[in-house]
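Report on one structure; see the data block that follows.
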Amino acid sequence: MAFIATTLVGLWPVARQALRLIKSGSWFAIETLMSVAAIGALFIGATAEAAMVLLLFLIGERLEGWAASRARQGVSALMALKPTPPSVCATACGKPSPSATCVPEM
Numbered sequence: 076m077a078f079i080a081t082t083l084v085g086l087w088p089v090a091r092q093a094l095r096l097i098k099s100g101s102w103f104a105i106e107t108l109m110s111v112a113a114i115g116a117l118f119i120g121a122t123a124e125a126a127m128v129l130l131l132f133l134i135g136e137r138l139e140g141w142a143a144s145r146a147r148q149g150v151s152a153l154m155a156l157k158p159t160p161p162s163v164c165a166t167a168c169g170k171p172s173p174s175a176t177c178v179p180e181m
C-alpha cells in the first residue's frame, strides 16, 4: 500500500506535465512515457517498480536542472570575459588615434 501511495504522489506532477504537453500537441514526451510506465506497473501489480521508476526519474530531472543551471552560469562567466574594444589604438607611426580610425592589420 505504501508503494501505491508513493507512486501516486510521484506520478501527480509527471502526469500533470504530460497532460499539458499532450494538449500542446507534443504526444511523445518523456513525461508521457513515464506516466504510462508507472500506471502500467500499478496495473500489473509491480508497485515497488512503479515507485522506483518515478523516484529515479524525478531525481534525474532534478540533476538535469542543476547541470543546466551550472552550464548557464559557466557560459555567462565565459561571456563576461569578452574583451572590450579599444578606445585608442596606435597608428603605424606610433601615435595614438581614436579607435574609429583604426584598421586591423592583415
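Quick note on numbering: the sequence shown equals residues 76 to 181 in my numbering. For every residue, glycine included, the Cβ atom is placed at its ideal position computed from N, Cα and C.
Residue nearest to residue i in terms of C-alpha spacing, selected from the options
i: L129; options: K157, Q92, T82, M76; result: T82
i: A90; options: L131, I79, F78, A112; result: A112
DSSP-derived helix/strand/coil call for residue i
i: I105; result: helix
i: I79; result: helix
i: I114; result: helix
i: G100; result: coil
i: A125; result: helix
i: L130; result: helix
Distance CB(residue i)-CB(residue j) smaller than 8 Å
i: G85; j: L133; result: yes
i: A116; j: E106; result: no
i: S110; j: A93; result: yes
i: F78; j: A126; result: yes
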